[in-house]
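Below is one structure, written out as structure tokens; the observations come after it.
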DNA sequence: GAGGCGGAGGCAATCGGTTGACTGGAACTG
DNA sequence: CAGTTCCAGTCAACCGATTGCCTCCGCCTC
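Residue numbers (my numbering), protein chains in the order written: chain P, 18 to 355; chain W, 18 to 355.
Right under this line is the structure:
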């Protein structure tokens, strides 16, 4: 059972072949399911038995060298500490593992083309690129990087290689929740203008809320951090005293706004309701707990991997849109306006 | 300047050699700094010029095949969504990148030996293993896995291959802060008994707080999640009404206790002070913001990589202890007892 | 009986670096 | 001037899997 997995070198295909009394090419073709190979059933069983006996697994470096396919995908993020991206990574990792791929992690740098080249020689077959901090042109320029790139969670006009979740449905859920509670005067926290991700979410929300008959105003956060949310929240509270609800396109912004409310002595949800996009454990433990719209980020990671794999096998699929419906998670931060 | 980095195959060492009019072996030895090579300065410059011109980088798959060193390290965690581990990963990634290594991520499975074998054939040279959920024996058994394993953030008796931060100093900082505020009756939230990580922290805190003259009692959380902290907090509030302060060995436990206090209408810090180990953005945005002791988790990641690299180069270093001093971050969750 | 055909498997080049062994010539020694 | 020592590189065998092409053999056809 325990096949002495010490420091000894792993078995090679040659050893399997010897064990089964055949040529390595037979083993290779058999294991890769080459249709042009014909083997007798007996030989086939001998080979498979040898594979099992030796606990053989192909050396990926050798395979990568020969085929220039390394069985790895890079997940590149602006920073590792985002609670949202970590869920996307988890999903990507799971799916990749199922497909025999590994995930290597990377950080966004100014020269993504160079990064792609590095990956290429490392046997990394493609990149999953998350992060809204790049300009549209920068993203489009990646169309012919050294390895294929799939942009995650962002729809860039002119690029098909993306995987996204449906934010429209999520924003509508949020807008309708506020309407149902009776809010008619809402502030949305917009991200910085150059971040198309939040721009889209804010537009979609605004459209729906307006259609619902609400007055929608806007404050702009300088980035998507909690600090930016805090600052935006403070501006919001001093300028829009009559607003009864706030919509934040990301969780940390909402947490920041909540902190601003606490500091200003504004009671949530009595004087101000807060609702955010994206759910995470964190949302359960603020005070009051945050009402959010949960999005299928794990599935997004998986979809991105699937998309990349499709591209790698020569296809040019439509942008992948994760259809798992968003879910409204009502906690304590929303209530009827006073 | 832009050397057409399209889909074309990257330049090989052979091309560099041809360009410089020398044998590939010269290029190889020159680039790897082989001391047994002697080259004229002129040749050397020609080779280096060719390298730059072609923007050559060695194919890692080929190198891995020959040397069985793939230039990759795996960071294996129990789950990706921990805000603490993500900082460790960030540190590991930075350091690894500096050393020309890549980080692949993995999830803890029951059969870590098998995982190590998979990594071996993938060209992953070693594992950084985080996560306290494994038994001591399981960890010790990894001593002779297919690739070397460095255990992160955990001191297992009988293993030298670990990198840790100094929790003792951190717990003393916390205990002394509570003493300075005048607390004499403290509850510590212990993690589950089998988690030696939190056990050590709890013991160290208890020792110091007791020495400081405080009465120290204990509640046990079933794991390290916010939910577990909430449950423990509720038990704590019903059983130890006279305690004036709580020490939590991890951030999420503290967040859970804080939530319990809110739900019970107990005011923090007036009726109950809360202090936690580990700082993260999250701590700034709870209400009140959490007083914490910040630990050098980024440095820990870097130290773990350094340790692994040392092991890979044949050394057998002492357990690495990150000496960057912990820092007390006083926010709003601690104050004098009423 | 010669030729054809298909099944079962073998041969060997190749991917791109690495590394131990080796060589041609200049310089130096005795 | 023969012999030795360096210097500056060169040669070629790997590492382990993949893959186009070849062979051998038995059997079927005409």
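Backbone N, C-alpha and C fix where the C-beta goes; we use that ideal spot for every residue, glycine too. Here the structure is a predicted model, which is why all the values come from computation and not from measurement.
Determine the burial state of residue 110 of chain W: buried for a count of at least 16 other Cβ atoms within 10 Å of its Cβ, exposed for fewer.
Residue mapping note: residue 110 of chain W aligns to position 93 of the second chain, counting from 1. Label assigned to residue 110 of chain W: buried.
For the alpha helix (DSSP H) that residue 337 of chain P lies in, which residues bound it at each end?
For the purposes of this step, residue 337 of chain P is taken as residue 320 along the first chain, with counting starting at 1. It is not in any alpha helix (DSSP H) - residue 337 of chain P instead sits in the beta strand (DSSP E) that spans 337 to 339.
Length of the line joining the Cα atoms of residue 271 of chain P and residue 207 of chain P:
Position 254 of the first chain, counted from the first residue, corresponds to residue 271 of chain P. Position 190 of the first chain, counted from the first residue, corresponds to residue 207 of chain P. Their Cα atoms are separated by approximately 11 angstroms.
Looking at the secondary structure, which residues open and close the beta strand (DSSP E) in which residue 232 of chain P lies?
Position 215 of the first chain, counted from the start, is the residue given in the question as residue 232 of chain P. It spans 232 to 237 - the beta strand (DSSP E) in which residue 232 of chain P sits, taken as one unbroken run.
For chain W, is any of its Cβ atoms less than 8 angstroms away from the one on residue 103 of chain P?
Numbered from 1 along the first chain, position 86 holds the residue referred to as residue 103 of chain P. Yes, residue 103 of chain P lies at the interface with chain W (some Cβ there is under 8 angstroms from its Cβ).
Just the Cα atoms here: how many angstroms apart are residue 135 of chain P and residue 74 of chain W?
Locating residue 135 of chain P in the first chain gives position 118, where the first residue counts as 1. Locating residue 74 of chain W in the second chain gives position 57, where the first residue counts as 1. When rounded, the distance between both Cα atoms is 8 angstroms.
By the criterion of Cβ-Cβ separation under 8 angstroms, what are the contact partners of residue 430 of chain P in chain W?
Chain P is shown from 18 up to 355; residue 430 of chain P falls before or after that span and cannot be answered.
So, is the C-beta of residue 218 of chain P closer than 8 angstroms to a C-beta in chain W?
Here residue 218 of chain P refers to the residue found at position 201 when the first chain is read from its first residue. It does not: the Cβ of residue 218 of chain P has no partner Cβ on chain W nearer than 8 angstroms.
Where residue 298 of chain W meets chain P, residues with beta-carbon distance less than 8 angstroms:
Counting from one through the second chain, the residue named residue 298 of chain W turns up at place 281. Neighbourhood of residue 298 of chain W in chain P, by CB distance below 8 angstroms: 98, 242, 243 and 269, in chain order.
With a threshold of 8 angstroms between beta-carbons, can residue 301 of chain P be considered close to chain W, or not?
Within the first chain, numbered from 1, the residue matching residue 301 of chain P stands at position 284. In terms of beta-carbon proximity, residue 301 of chain P lines the interface with chain W, with at least one pair separated by less than 8 angstroms.
Within chain W, the residues that residue 134 of chain P reaches when beta carbons sit closer than 9 angstroms
Translated into positions along the first chain, residue 134 of chain P becomes position 117. Chain W residues near residue 134 of chain P: 22, 27, 72 and 74.
At a Cβ cut of 8 angstroms, what residues of the stretch 275 to 286 of chain W count as close to chain P, listed as they run along the chain?
Hits within the stretch, in order: 275, 276 and 279.
Given a threshold of 16 other Cβ atoms within 10 Å of its Cβ, counted over all protein chains shown, does residue 87 of chain W qualify as buried or as exposed?
Counting from 1 along the second chain, the entry for residue 87 of chain W is found at position 70. Residue 87 of chain W should be labelled buried.
Apart from the five residues on each side of it in sequence, which residues of its chain come closer than 6 angstroms, Cβ to Cβ, to residue 124 of chain P?
Here residue 124 of chain P refers to the residue found at position 107 when the first chain is read from its first residue. For residue 124 of chain P, where only same-chain residues beyond five positions count, there are no Cβ hits under 6 angstroms.
Per DSSP, residue 193 of chain W forms a beta bridge with which residues?
Mapped onto the second chain, residue 193 of chain W falls at position 176. DSSP, once it has assigned bridges, lists no residue as partnering residue 193 of chain W.
Cβ-based burial, residue 179 of chain W [other Cβ within 10 Å; buried from 16]:
Within the second chain, numbered from 1, the residue matching residue 179 of chain W stands at position 162. Residue environment: residue 179 of chain W is assigned as buried (16 or more neighbouring CB atoms within 10 Å of its CB, all protein chains considered).
Since residue 77 of chain W and residue 139 of chain P are thought to touch, with beta carbons under 8 angstroms apart, how far apart are those beta carbons, to the nearest angstrom?
Position 60 of the second chain, counting from 1, holds the residue named residue 77 of chain W. Position 122 of the first chain, counting from 1, holds the residue named residue 139 of chain P. With 8 angstroms as the limit, residue 77 of chain W and residue 139 of chain P qualify as a contact, their Cβ atoms being about 5 angstroms apart.
Tell me where the alpha helix (DSSP H) around residue 84 of chain W begins and ends.
One-based indexing of the second chain puts residue 84 of chain W at position 67. 77 to 84 is the extent of the alpha helix (DSSP H) around residue 84 of chain W.
According to DSSP, residue 121 of chain W sits in a beta bridge with which residue or residues?
Here the question's residue 121 of chain W lines up with position 104 in the second chain. Per DSSP, the beta bridge partners of residue 121 of chain W are P:121 and W:91.
Roughly how many angstroms separate the alpha carbons of residue 219 of chain W and residue 291 of chain P, rounded to a whole number?
What you label residue 219 of chain W is simply residue 202 of the second chain in a count that begins at 1. What you label residue 291 of chain P is simply residue 274 of the first chain in a count that begins at 1. Their Cα atoms are separated by approximately 37 angstroms.
Rounded straight-line distance, which links the Cα of residue 325 of chain W to that of residue 145 of chain W:
Translated into positions along the second chain, residue 145 of chain W becomes position 128. Translated into positions along the second chain, residue 325 of chain W becomes position 308. Approximately 8 angstroms, taken between the alpha carbons.
Does the beta carbon of residue 77 of chain W sit closer than 8 angstroms to a beta carbon anywhere in chain P?
For the purposes of this step, residue 77 of chain W is identified with residue 60 of the second chain, where counting begins at 1. Judged by the 8 angstroms Cβ criterion, residue 77 of chain W is in contact with chain P.
Suppose the cutoff is 6 angstroms on Cβ atoms and the five residues either side in sequence are ignored; what does the same chain contact list for residue 23 of chain W look like?
By one-based count along the second chain, residue 23 of chain W stands at place 6. For residue 23 of chain W, the predicted model reports a pLDDT of 46, less than 50, meaning its position is unreliable; a value from the coordinates is still stated below. There are no such residues.
Who are the Cβ neighbours of residue 214 of chain W in its own chain at under 6 angstroms, not counting the five residues just before and after it?
Counting from one through the second chain, the residue named residue 214 of chain W turns up at place 197. Correct list, in chain order: 149 and 171.
Report the residues of the stretch 31 to 50 of chain P with a CB closer than 9 angstroms to any CB of chain W, ordered along the chain.
Of all residues in the stretch 31 to 50 of chain P, none has a Cβ within less than 9 angstroms of some Cβ in chain W.
Just how far apart, CA to CA, sit residue 21 of chain W and residue 95 of chain W?
As a first step, residue 21 of chain W must be located in the second chain, where it is residue number 4. As a first step, residue 95 of chain W must be located in the second chain, where it is residue number 78. Legend: pLDDT at residue 21 of chain W = 41, less than 50; position of this residue unreliable, value from coordinates given subsequently. When only Cα atoms are considered, residue 21 of chain W and residue 95 of chain W end up about 42 angstroms apart.
With contact counted as at least three CB pairs below 8 angstroms, one residue from each stretch, are the stretch 301 to 320 of chain W and the stretch 342 to 349 of chain W in contact?
Counting Cβ pairs under 8 angstroms, three or more are found: they touch.
Hey, does residue 63 of chain P have any beta-carbon neighbour from chain W nearer than 8 angstroms?
Here residue 63 of chain P corresponds to residue number 46 of the first chain, with the count starting at 1. So no, residue 63 of chain P is outside the interface.
Using a 10 Å radius around the Cβ and a threshold of 16 neighbouring Cβ atoms, would you call residue 19 of chain P buried or exposed?
Mapped onto the first chain, residue 19 of chain P falls at position 2. Because the pLDDT at residue 19 of chain P is just 36, under 50, the model does not fix this residue reliably, and the point stays unresolved.
By Cβ distance, which residues of its chain are closer than 6 angstroms to residue 132 of chain W, with the 5 residues on each side in sequence left out?
Walking along the second chain from the start, residue 132 of chain W turns up at place 115. Taken in chain order, the residues that qualify are 126.
How about residue 327 of chain P: is its C-beta nearer than 8 angstroms to some C-beta of chain W?
Taking the first chain and counting its residues from 1, one reaches residue 327 of chain P at position 310. Closer than 8 angstroms: no.
Which full runs of the beta strand (DSSP E) of 3+ residues lie inside the stretch 252 to 300 of chain W, going along the chain?
Counting whole runs of 3 or more residues, the stretch 252 to 300 of chain W contains the beta strand (DSSP E) stretches 262 to 265 and 290 to 294.
Residue 69 of chain P: which of P:48, P:56 and P:52 sits nearest, CA to CA?
For this step, residue 69 of chain P is matched to residue 52 along the first chain. Its Cα nearest to that of residue 69 of chain P, the residue P:48 stands out among P:48, P:56 and P:52.
Are residue 52 of chain P and residue 186 of chain P closer than 8 angstroms when you measure CB to CB?
As a working note, residue 52 of chain P is residue 35 in the first chain. As a working note, residue 186 of chain P is residue 169 in the first chain. No, Cβ-Cβ distance for residue 52 of chain P and residue 186 of chain P is not below 8 angstroms.
By the 8 angstroms beta-carbon criterion, what residues does the stretch 143 to 172 of chain P contribute toward chain W?
Under the 8 angstroms Cβ criterion, the stretch 143 to 172 of chain P contributes 161, 162 and 163.
Bridge partner(s) assigned by DSSP for residue 344 of chain W:
Residue 344 of chain W sits at position 327 when you count from the first residue of the second chain. According to DSSP, which records beta bridges pairwise, residue 344 of chain W is partnered with W:311.
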